[in-house]
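Reviewing the structure listed below.
In my numbering, the protein residues as written are 7 to 357.
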């Protein structure tokens with residue numbers, strides 16, 4: 007069991023580090039231009055201790071808005087739990103709100119509507135380097151706080167005859183919101199099977215809307231990129247027989263040749279009451295923060311999560327790991343996060 011867990015953690019870390027190699031390769035340049043944090047990270051910040059009944063440092067007194075995802079997804083469910091625990095345990099108040107996923111969260115933060123956000127590791131690299139869905143619209147005023155867990159590319163269907171990605175040809179398939187991270191994940195998976203968006207009948211829907219459309223017989227399948235089990239899929243599986251479309255090793259290898267930030271991942275049959283485990287690919291789920299957020303507040307965000315993992319009221323807590331949290335290389339870390347990790351003996355890149 008320990009050996010298997012070690013292998014899982016190794017693949018998770020590799021996925022996040024390889025994100026820096028995707029796209030134009032500018033991420034590796036960005037990493038090279040960063041400085042490495044040590045125990046003096048954030049040393050200029052006021053490190054006054056928090057009140058006696060709180061952990062961490064004295065907060066700034068400013069509320070942090072944490073933009074997540076749709077109310078049927080893992081981002082919002084886990085994000086709400088995280089925000090509540092940080093607010094309860096530390097001197098920093100965090101409020102989770104429904105968000106528009108990775109791309110929308112980065113844009114909302116850039117507009118000043120939120121200070122924290124949940125994002126896919128591939129999408130944050132696109133934004134930071136101005137590639138793919140951020141081509142010509144680079145956004146780099148944010149930093150990494152922590153990598154939390156892997157997000158599986160879940161291709162969900164109610165049709166048992168749709169067994170592989172190749173079987174999606176000619177089908178009506180939800181590929182997430184137009185221009186979203188899910189959309190690009192769908193394009194990548196289709197491409198590995200020599201299919202394009204023109205080979206399917208795409209719809210552009212949220213996770214919840216996709217599930218409703220499947221129930222009503224309006225679509226044949228949906229791409230849902232989130233940590234399994236995902237609320238929307240769980241609710242569907244409660245009333246219908248759900249099937250997950252698998253990717254085989256040959257096509258996963260082909261996908262990784264052009265998009266190395268994907269890692270092979272297995273969704274347990276227990277996630278949705280399936281007959282067998284399902285093989286797919288995954289990307290990392292990361293919390294980011296605007297660069298101008300107070301260092302003590304970001305320190306408290308990390309402390310509020312990792313000092314009390316066991317009290318987080320969500321199954322995703324079982325996937326949290328401090329080494330994995332500090333494994334991102336594509337986007338440098340916020341100084342407040344770097345300070346926390348340095349105290350734990352972990353070195354991370356900062357701006």
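Ideal Cβ placement from N, Cα and C applies to all residues, glycine included. Bear in mind that the values here come from a model prediction, so they are computed numbers and not experimental data.
Practice task
Determine the closest residue to residue 321 out of 286, 234, 284, with distance taken between C-alpha atoms.
Solution key: Within the chain shown, numbered from 1, the residue matching residue 321 stands at position 315. Closest option to residue 321, judged by alpha-carbon separation, among 286, 234, 284: 234.
Problem - residue 324 burial status per 10 Å Cβ neighbour count (16 or more: buried) - result: For the purposes of this step, residue 324 is taken as the residue at position 318 of the chain shown. Result: exposed.
Handout entry: Separation of residue 63 from residue 148, as counted between CA atoms
Key = The residue labelled residue 148 in the question sits at position 142 within the chain shown. The residue labelled residue 63 in the question sits at position 57 within the chain shown. Their backbone Cα atoms lie some 22 Å apart in a straight line.
Practice task
Return helix, strand or coil for residue 141, following the three-state DSSP convention.
Solution key: To locate residue 141, count along the chain shown from 1; it is residue 135. Collapsing the DSSP output to three states places residue 141 in coil.
Exercise for the section: Answer with buried or exposed for residue 123, where buried requires no fewer than 16 other C-beta atoms within 10 angstroms of its C-beta. Expected result: Here the question's residue 123 lines up with position 117 in the chain shown. The residue is buried, with at least 16 neighbouring Cβ atoms inside 10 Å.
Exercise for the section: Give the DSSP-derived three-state secondary structure of residue 69 in the structure shown. Expected result: Locating residue 69 in the chain shown gives position 63, counting from the first residue. In this structure, residue 69 counts as coil in the three-state DSSP scheme.
Handout entry: Rounded separation between residue 326 and residue 315 - CA only
Key = One-based indexing of the chain shown puts residue 326 at position 320. One-based indexing of the chain shown puts residue 315 at position 309. Taking the straight line joining both Cα atoms gives about 8 Å.
Problem - Which of helix, strand or coil DSSP assigns to residue 58 - result: The count along the chain shown starts at 1 and reaches residue 58 at position 52. Looking at residue 58 - three-state DSSP - the assignment turns out to be coil, as it is neither helix nor strand.
Exercise for the section: Kindly list the residues whose CB is nearer than 7 Å to the CB of residue 184, restricted to its own chain and excluding five residues on each side of it in sequence; keep chain order. Expected result: Translated into the one-based positions of the chain shown, residue 184 becomes position 178. If the five residues before and after residue 184 are omitted, its C-beta is found closer than 7 Å to the C-beta atoms of 210, all from its own chain and listed in chain order.
Handout entry: Assigned secondary structure, residue 158 (DSSP; H/G/I helix, E/B strand, else coil)
Key = Indexing the chain shown from 1 puts residue 158 at position 152. Correct three-state label for residue 158: strand.
Problem - Cβ-based neighbour list, residue 85, same chain, cut-off 7 Å, excluding 5 preceding and 5 following - result: Against the chain shown, residue 85 aligns to sequence position 79. Counting only Cβ-Cβ distances below 7 Å, and skipping sequence neighbours, we find 72, 74, 102, 124.
Exercise for the section: Excluding the 5 residues preceding and the 5 following residue 142 in the sequence, name in chain order all residues of the same chain whose CB lies nearer than 8 Å to its CB. Expected result: Residue 142 sits at position 136 when you count from the first residue of the chain shown. Excluding residues within five positions, the ones whose Cβ falls inside 8 Å are 136.
Handout entry: Buried or exposed (CB count within 10 angstroms, at least 16 for buried), residue 355
Key = Within the chain shown, numbered from 1, the residue matching residue 355 stands at position 349. Buried, by the Cβ-count rule.
Practice task
Using DSSP bridges, identify the partner residues of residue 148.
Solution key: Locating residue 148 in the chain shown gives position 142, where the first residue counts as 1. Beta-bridge pairing links residue 148 to 296.
Handout entry: Segment contact, 8 Å Cβ cut-off, at least three pairs: the region 237 to 244 with the region 297 to 311
Key = Verdict: no, contact absent.
Problem - Three-state secondary structure (DSSP) of residue 179 - result: Position 173 of the chain shown, counting from 1, holds the residue named residue 179. Strand, per DSSP.
Handout entry: Straight-line Cα distance separating residue 313 from residue 358
Key = Because the chain here runs from 7 to 357, residue 358 falls outside it and cannot be looked at.
Practice task
With distances taken Cα to Cα, identify the nearest neighbour of residue 134 among 145, 127, 107.
Solution key: Working through the chain shown from its first residue, we reach residue 134 at position 128. Ranking 145, 127, 107 by Cα distance to residue 134 puts 145 first.
Practice task
Tell me, to the nearest whole angstrom, how far the beta carbon of residue 346 is from that of residue 309; I am working on the premise that it is less than 8 Å.
Solution key: Position 340 of the chain shown, counted from the start, is the residue given in the question as residue 346. Position 303 of the chain shown, counted from the start, is the residue given in the question as residue 309. That pair is a contact at about 6 Å.
Handout entry: Contacts around residue 7, its chain only, beta-carbon distance under 6 Å, and the 5 residues preceding and following it disregarded
Key = Reading the chain shown from its first residue, position 1 is the one you call residue 7. Reliability fails at residue 7, whose pLDDT of 43 lies under 50, so the model's placement of it is uncertain and the value that follows must be treated cautiously. Leaving aside the five residues that flank residue 7 on each side, none in its chain has a CB nearer than 6 Å to its CB.
Exercise for the section: Would you kindly report the start and end of the unbroken alpha helix (DSSP H) that includes residue 307? Expected result: For this step, residue 307 is matched to residue 301 along the chain shown. Element bounds for residue 307: 301 to 312.
Practice task
Measuring alpha carbon to alpha carbon, tell me which of 81, 206, 277, 199 ends up nearest residue 181.
Solution key: If you number the chain shown from 1, residue 181 lands on position 175. The shortest Cα separation from residue 181 among 81, 206, 277, 199 belongs to 206.
Exercise for the section: With a threshold of 16 other CB atoms inside 10 Å of the CB of residue 152, please say whether the residue is buried or exposed. Expected result: As a working mapping, residue 152 is identified with position 146 in the chain shown. Residue 152 is buried by the Cβ-count criterion.
Exercise for the section: Report all residues from its chain with a CB closer than 8 Å to the CB of residue 194; omit the five preceding and five following residues, and keep chain order. Expected result: Translated into positions along the chain shown, residue 194 becomes position 188. Excluding sequence neighbours, residue 194 sits near 261, 264, 265, 268.
Exercise for the section: Rounded to whole angstroms, what's the CA-CA distance from residue 305 to residue 156? Just pull it up for me. Expected result: Here residue 305 refers to the residue found at position 299 when the chain shown is read from its first residue. Here residue 156 refers to the residue found at position 150 when the chain shown is read from its first residue. Taking C-alpha positions only, residue 305 is separated from residue 156 by approximately 23 Å.
Problem - Euclidean distance between Cα positions of residue 281 and residue 247 - result: On the chain shown, residue 281 is found 275 positions in, with the first residue counted as 1. On the chain shown, residue 247 is found 241 positions in, with the first residue counted as 1. Rounded to the nearest angstrom, the gap between the Cα atoms of residue 281 and residue 247 is 10 Å.
Handout entry: C-alpha distance - residue 190 paired with residue 55, whole-angstrom precision
Key = Here residue 190 refers to the residue found at position 184 when the chain shown is read from its first residue. Here residue 55 refers to the residue found at position 49 when the chain shown is read from its first residue. Between the C-alpha atoms of residue 190 and residue 55 there is a straight-line separation of about 44 Å.
Practice task
Name the two residues that bound the continuous alpha helix (DSSP H) containing residue 271.
Solution key: One-based indexing of the chain shown puts residue 271 at position 265. Per DSSP, residue 271 belongs to no alpha helix (DSSP H); it is in the beta strand (DSSP E), 269 to 273.
Exercise for the section: Mark residue 279 as exposed unless 16 or more other C-beta atoms lie within 10 angstroms of its C-beta, in which case mark it buried. Expected result: Your numbering for residue 279 matches position 273 in the chain shown. By the neighbour-count criterion, in which 16 or more other beta carbons inside 10 Å mark a residue as buried, residue 279 falls on the exposed side.
Exercise for the section: For residue 76, verify whether its CB is less than 8 Å away from any heavy atom of the ligand COA. Expected result: As for the ligand COA, it is missing from this structure, which has no ligand bound.
Exercise for the section: Name the residue from 293, 175, 317 whose alpha carbon lies nearest to the alpha carbon of residue 251. Expected result: Counted from its first residue, the chain shown places residue 251 at position 245. The residue with the shortest Cα to Cα distance from residue 251 is 175.
Practice task
Kindly give me the distance between the Cβ atoms of residue 288 and residue 78, rounded to whole angstroms, as I take these residues to be in contact under 8 Å.
Solution key: By 1-based counting over the chain shown, the position of residue 288 is 282. By 1-based counting over the chain shown, the position of residue 78 is 72. 19 Å between Cβ atoms; not a contact.
Handout entry: Where residue 48 falls: helix, strand or coil (DSSP)
Key = Position 42 of the chain shown, counting from 1, holds the residue named residue 48. At residue 48, the pLDDT of 40 sits below 50, so the modelled position is not reliable and the matter cannot be decided from this model.
Practice task
Determine which residues share a DSSP beta bridge with residue 126 and list them.
Solution key: Counting from 1 along the chain shown, the entry for residue 126 is found at position 120. In the DSSP output, where bridge partners are listed per residue, residue 126 has 291.
Exercise for the section: Mark residue 166 as exposed unless 16 or more other C-beta atoms lie within 10 angstroms of its C-beta, in which case mark it buried. Expected result: For the purposes of this step, residue 166 is taken as residue 160 along the chain shown, with counting starting at 1. Burial state of residue 166 is exposed, judged by a 10 Å Cβ sphere holding fewer than 16 other Cβ atoms.
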